[in-house]
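Chains as they are written, first to last, in the numbering used here: chain G, 319 to 536; chain Y, 808 to 931.
Backbone N, C-alpha and C define an ideal beta-carbon position, used for all residues, glycine too.
For reference, the structure discussed in these notes is given below.
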């Protein structure tokens, strides 16, 4: 389930600061990567890039003799999310470097998360035809090895025992591709009585084998 | 008119009607509590699909017959579409988070839906 934008923004900032473990297991219910809203994630990513930039600029300034205020003014330090703030003038050079290093890490981690962790189902689209229409072509294979191609914009509906499966278009209309794994016991044609499948070609015409539309399955 | 020869699935109009009647009775029995949902599933056995009531296995004559009684068949199509192929799963699985999140449901929800459909088609 998607979470509110504000939750997604905050959780994305937390994750980009290297605390993704907390967001994935937190009892407070912070969402995992794949549960964020796109807008929330984008805002969170933007915030952490800005945070990182401030920390680098400010941290280097502190480390090399100036710009103490820049580090302290890094906008997300106030949130307490892993921002290093100089503790005293005696350690100002080290903490400046640490702040800059943290800023570098945050920016790098942000881009890493964008590239690898934020590509969950909410971003790449649905590939499970049992959840609804798929956003790209997929092939579903049942436990016996029968493959059912499902094209973009189509979905699957079937019995819980997997015997009967239909491919449907976005309007819920059967396309003609179907698995009749239970067969039709009352049918005259032995090939129809037995477990079989039906396929249609790209023009919606039923594909036959030796003139019979009942295609063998495993 | 119908039943002049053996059609693909039903031998005659009478056989279609008696078949529909017997499977509709299963629905009534389940809705009234005379038949458990699990027993209903076993005996009902994906009726709409097993008998290819959408007509995809039928010749022209049988398709005409199915069209003639489409109002009676609609009950069974809806049971297929709204219950049997809509995410029904075992009661054991139905309480698991992953199944709940995926919209799966067990016999309790299945029975509720069956009652709603039965009322809609006035068969209970």
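Short Cβ contact (8 angstroms threshold) for residue i with residue j
i              : j              : result
residue 414(G) : residue 381(G) : yes
residue 480(G) : residue 460(G) : yes
residue 882(Y) : residue 928(Y) : yes
residue 534(G) : residue 514(G) : yes
residue 921(Y) : residue 886(Y) : yes
residue 816(Y) : residue 516(G) : no
residue 422(G) : residue 370(G) : yes
residue 331(G) : residue 366(G) : yes
residue 851(Y) : residue 833(Y) : yes
residue 842(Y) : residue 876(Y) : no
residue 373(G) : residue 417(G) : yes
residue 464(G) : residue 536(G) : yes
residue 931(Y) : residue 835(Y) : yes
residue 858(Y) : residue 918(Y) : no
residue 453(G) : residue 436(G) : no
Contacts of residue i in chain Y (Cβ-Cβ under 7 angstroms)
i              : result
residue 476(G) : 892
residue 420(G) : None at all; the shortest Cβ gap to chain Y is about 36 angstroms.
residue 482(G) : 853, 856
CA-to-CA distance, residue j to residue i, given in whole angstroms
i              : j              : result
residue 864(Y) : residue 433(G) : 49 angstroms
residue 866(Y) : residue 518(G) : 18 angstroms
residue 360(G) : residue 451(G) : 26 angstroms
residue 488(G) : residue 444(G) : 13 angstroms
residue 910(Y) : residue 890(Y) : 12 angstroms
residue 490(G) : residue 896(Y) : 21 angstroms
residue 484(G) : residue 476(G) : 6 angstroms
residue 906(Y) : residue 912(Y) : 8 angstroms
residue 524(G) : residue 497(G) : 13 angstroms
residue 328(G) : residue 478(G) : 40 angstroms
residue 334(G) : residue 449(G) : 30 angstroms
residue 528(G) : residue 818(Y) : 26 angstroms
residue 900(Y) : residue 378(G) : 56 angstroms
residue 923(Y) : residue 495(G) : 30 angstroms
residue 814(Y) : residue 878(Y) : 20 angstroms
residue 888(Y) : residue 898(Y) : 19 angstroms
Terminal residues of the alpha helix (DSSP H) in which residue i lies
i              : result
residue 898(Y) : 898-901
residue 498(G) : Premise fails: residue 498(G) lies in the beta strand (DSSP E), 492-498, not in any alpha helix (DSSP H).
residue 921(Y) : 914-927
residue 380(G) : 356-381
residue 261(G) : For residue 261(G) there is no data in the structure shown, the boundaries of chain G being 319 and 536.
residue 835(Y) : 820-838
residue 907(Y) : 904-908
residue 851(Y) : 844-851
residue 817(Y) : Per DSSP, residue 817(Y) belongs to no alpha helix (DSSP H) and is neither H nor E.
residue 857(Y) : 854-857
Status (buried if at least 16 other CB within 10 Å, exposed otherwise) for residue i
i              : result
residue 447(G) : buried
residue 347(G) : Per-residue confidence for residue 347(G) stands at a pLDDT of 42, beneath the threshold of 50, marking its modelled position as unreliable; the derived number appears in the next sentence. Answer is exposed; the Cβ neighbour count stays below 16.
residue 926(Y) : exposed
residue 532(G) : buried
residue 530(G) : exposed
residue 526(G) : exposed
residue 345(G) : Because residue 345(G) carries a pLDDT of 40, less than 50, the predicted location of this residue cannot be relied on, and no value is offered for it.
residue 473(G) : buried
residue 839(Y) : exposed
residue 462(G) : exposed
residue 853(Y) : buried
Run of the beta strand (DSSP E) containing residue i, from where it starts to where it stops
i              : result
residue 484(G) : 482-486
residue 475(G) : 473-476
residue 881(Y) : Residue 881(Y) -> not in any beta strand (DSSP E); alpha helix (DSSP H) instead, spanning 877-886.
residue 466(G) : 465-468
residue 515(G) : 514-516
residue 456(G) : 456-459
Interface partners of residue i on chain Y, CB under 9 angstroms
i              : result
residue 500(G) : 852, 853, 856, 857
residue 447(G) : Residues of chain Y passing the Cβ test: none, with the nearest at roughly 12 angstroms.
residue 467(G) : Going along chain Y, no residue has its Cβ under 9 angstroms from residue 467(G), so there is no contact; the nearest lies around 18 angstroms.
8 angstroms Cβ cut-off: residues of chain G touching residue i
i              : result
residue 837(Y) : Those within 8 angstroms of residue 837(Y) in chain G number zero; the least Cβ separation is about 16 angstroms.
Where residue i meets chain G, residues with beta-carbon distance less than 7 angstroms
i              : result
residue 895(Y) : 478
residue 864(Y) : 502, 505, 510
9 angstroms Cβ cut-off: residues of chain G touching residue i
i              : result
residue 909(Y) : 446, 448, 449
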